[in-house]
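In the numbering used here, each residue's number is its place in the sequence shown (first place is 1) plus 52. Everything below concerns the one structure shown next.
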Amino acid sequence: MTATRLFDRAVLRLSPQEAGEDVAGFLQGLVTSDMKGPLPVWTGLLTAQGKALFDFIVWRDGDDLLVDCEAGVADALARRLSLYRLRRKIAIARDESLAVHWSPREGAAEGEHPDPRLAALGQRWLATADPADQSADAMWRAHRLALGVPEGAGELGSDKTLWLEANAGDLNGVSFTKGCYVGQENTARMNWRQKVNRRLVVVPLDRSDEARRRVAYPDLGLAVDHLRVEDLPADLAPAWMALATEGAGED
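Here you go:
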């Protein structure tokens, strides 16, 4: 059996608990991407200042939404979403019956979708968890980092990195037309001014700046650094990363 399951991921299910309750509308006012458009999408839940707290992928399942997130932060994300729920009749809980799967192949089979960040990341899907599932976590991490795509609390940090510094603009992680969400004002201002002075970048470990390093992966010889755009060597920027108009102006 080919290993495809990502055991480092978990699934949260958001379900309406009474007729007329709109789960997509609930998330629409919280996260950076458009919950009313095609799903899945990669998105972020930010601080009021526009810094990343959580990043995740959202899928639709009938009237429910499924959140494909890091297993290690799933409970914290559920608690954070519950704080915003107030009196709305929406259930937010882990769905242990589902598992996240991934394959590096480019062609999608039924039920699979290209990763919404970057097609080269491969295919992604949700399926019933099976005790026979084999882990693809190490392969996924190596594939993702080879393409220069950071994700998760260890690489993005929690309340450390502005969402556009986490490459959300290039990786389809933000809508500038959908309206308000938490952290929208600062994110929109940075986009309008075309001023993203720093970026999260995957770099060879021997070229990493320890003072700017978020995490190192000695087994892969790679690190994720938070670098000023003006200090970023051109050969370290992945092809998908747009840098031409950034870095102008003061911090």
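Cβ coordinates follow ideal geometry from the N, Cα and C atoms, glycine included. From a predicted model like this one, the values you see are computed outputs, not experimental measurements.
Through-space distance from residue j to residue i, alpha-carbon basis
{"i": "Ala184", "j": "Trp177", "result": "17 Å"}
{"i": "Ser134", "j": "Leu64", "result": "12 Å"}
{"i": "Leu173", "j": "Arg140", "result": "36 Å"}
{"i": "Ala218", "j": "Leu208", "result": "6 Å"}
{"i": "Ser149", "j": "Val75", "result": "20 Å"}
{"i": "Ala220", "j": "Val281", "result": "15 Å"}
{"i": "Ala190", "j": "Ala55", "result": "10 Å"}
{"i": "Ala179", "j": "His153", "result": "7 Å"}
{"i": "Ala263", "j": "Asp277", "result": "9 Å"}
{"i": "Gln80", "j": "Ala100", "result": "15 Å"}
{"i": "Leu295", "j": "Val248", "result": "9 Å"}
{"i": "Asp147", "j": "Asp261", "result": "40 Å"}
{"i": "Val110", "j": "Gly200", "result": "22 Å"}
{"i": "Val234", "j": "Arg57", "result": "32 Å"}
{"i": "Met87", "j": "Gly77", "result": "7 Å"}
{"i": "Cys232", "j": "Leu82", "result": "8 Å"}
{"i": "Ala268", "j": "Ala205", "result": "13 Å"}
{"i": "Arg245", "j": "Glu70", "result": "43 Å"}
{"i": "Asp120", "j": "Leu272", "result": "25 Å"}
{"i": "Asp89", "j": "Val254", "result": "For the record, residue 89 in the displayed sequence is Gly; it is not Asp. If I take the Cα positions, the gap works out to 30 Å."}
{"i": "Tyr136", "j": "Leu105", "result": "14 Å"}
{"i": "Trp292", "j": "Arg250", "result": "16 Å"}
{"i": "Gly72", "j": "Ala62", "result": "27 Å"}
{"i": "Leu216", "j": "Ser210", "result": "14 Å"}
{"i": "Glu359", "j": "Gln175", "result": "Absent from the model: residue 359. The displayed extent of the chain is 53 to 303, so no value can be given."}
{"i": "Pro270", "j": "Asn243", "result": "34 Å"}
{"i": "Pro290", "j": "Glu164", "result": "25 Å"}
Pair within 9 Å by beta-carbon distance, residue i and residue j
{"i": "Arg259", "j": "Pro202", "result": "no"}
{"i": "Pro256", "j": "Leu274", "result": "yes"}
{"i": "Lys103", "j": "Leu214", "result": "yes"}
{"i": "Leu97", "j": "Arg132", "result": "yes"}
{"i": "Pro166", "j": "Trp94", "result": "no"}
{"i": "Leu91", "j": "Arg112", "result": "yes"}
{"i": "Ile144", "j": "Ala130", "result": "yes"}
{"i": "Ser85", "j": "Lys230", "result": "yes"}
Check: residue i C-beta below 8 Å from any heavy atom of the ligand HEM
{"i": "His153", "result": "For the ligand HEM, the structure offers nothing, since it holds no ligand at all."}
Anticipated Cβ contact below 8 Å, residue i with residue j, distance rounded
{"i": "Phe59", "j": "Ser187", "result": "5 Å"}
{"i": "Ala181", "j": "Ala151", "result": "4 Å"}
Short CB-CB distance (under 9 Å) between residue i and chain B
{"i": "Ala291", "result": "The chain labelled as chain B is not found in the depicted structure, where only one protein chain is given."}
Given 8 Å, three or more beta-carbon pairs between the segment 157-166 and the segment 230-239: no
Given 8 Å, three or more beta-carbon pairs between the segment 281-293 and the segment 182-197: no
Segment contact flag, the segment 211-227 with the segment 117-137, C-beta cutoff 8 Å, min 3 pairs: no
Stretch pair the segment 65-84 + the segment 96-116: three plus CB contacts closer than 8 Å: yes
Runs of beta strand (DSSP E) lying entirely within the segment 87-170, each at least 3 residues, in chain order: 93-98, 104-113, 116-122, 142-146 and 150-155
Those runs of the alpha helix (DSSP H) which lie wholly inside the segment 220-271 and span at least 4 residues: 236-245
Segments of 4+ residues assigned as alpha helix (DSSP H) that fall wholly inside the segment 180-209: 189-198 and 204-208
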